[in-house]
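Report on the following structure.
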Amino acid sequence: MGPGGRRFESAHPDQPHISPSVSARTPGRSSMPWIRTVPYEDATGLLKDEYDAALKRAGRIFNIVSLQSLRPRAMRASIRLYAELMHAPSGLTRTQREAIAVVASKSPTAPSSSFLRVSTSL
Numbered sequence: 001m002g003p004g005g006r007r008f009e010s011a012h013p014d015q016p017h018i019s020p021s022v023s024a025r026t027p028g029r030s031s032m033p034w035i036r037t038v039p040y041e042d043a044t045g046l047l048k049d050e051y052d053a054a055l056k057r058a059g060r061i062f063n064i065v066s067l068q069s070l071r072p073r074a075m076r077a078s079i080r081l082y083a084e085l086m087h088a089p090s091g092l093t094r095t096q097r098e099a100i101a102v103v104a105s106k107s108p109t110a111p112s113s114s115f116l117r118v119s120t121s122l
């Protein structure tokens, strides 16, 4: 059972009782969940543009970006939202914003893990 007594939907139809966080793991790499992504070499169109922008911005493509590669429009929106929240003028410093992000991501009630599981399976 998941948080709040909800039943997990398994990544494996033949094993419906196993949670996605366990069943979607790559054999031999038990601590790493497996999520299909589009590698840079195979990217075209909007995805290629977003990957190139990520390389220009950070010098590499972080996992949080490549995890969204199956949905390039969602990736673009996510990156724009992040940029707005972290870099636009605000009453908070960058350090304060980062601290809030860390605390929120560590919260046991944070919806991010559920969102990621749903958005990457679409």
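So the sequence shown is numbered by UniProt numbering: it starts at 1 and just counts up by one.
Every residue gets a Cβ at the ideal spot worked out from N, C-alpha and C, and that includes glycine.
These numbers were taken from a predicted model, which means no experiment stands behind them.
Shortest alpha-carbon distance to Met75 belongs to which of Ala88, Ala54, His87?
Locating residue 75 in the sequence shown gives position 75, counting from the first residue. Comparing Cα-Cα distances from Met75 to each of Ala88, Ala54, His87, the minimum goes to Ala54.
Grab me the residues of Val103's own chain with a C-beta within less than 6 Å of its C-beta, minus the 5 sequence neighbours each way, in chain order.
In the sequence shown, counting from the first residue as 1, residue 103 sits at position 103. The answer is none, since no qualifying residue turns up.
8 Å Cβ shell around Val38 - same chain, five flanking residues per side excluded
Numbered from its first residue, the sequence shown carries residue 38 at position 38. Counting only Cβ-Cβ distances below 8 Å, and skipping sequence neighbours, we find Leu47, Ser66, Ser69, Leu70.
Is Ser66 helix, strand or coil when you go by DSSP?
Working through the sequence shown from its first residue, we reach residue 66 at position 66. In the structure shown, Ser66 sits in a helix (DSSP, three-state: H, G or I).
Around the C-beta of Glu84, are 16 or more other C-beta atoms found within 10 angstroms, so that it is buried, or is it exposed?
For this step, residue 84 is matched to residue 84 along the sequence shown. Label assigned to Glu84: exposed.
Determine whether the beta carbon atoms of Pro72 and Glu41 lie at a separation below 8 Å.
On the sequence shown, position 72 is the one that residue 72 refers to. On the sequence shown, position 41 is the one that residue 41 refers to. No, the Cβ-Cβ distance between Pro72 and Glu41 is not below 8 Å.
Under a Cβ-count criterion, where at least 16 other Cβ atoms within 10 Å of its own Cβ denotes burial, should Ile100 be classed as buried or exposed?
Counting from one through the sequence shown, the residue named residue 100 turns up at place 100. By the neighbour-count rule (16 or more Cβ atoms within 10 Å), Ile100 is not buried but exposed.
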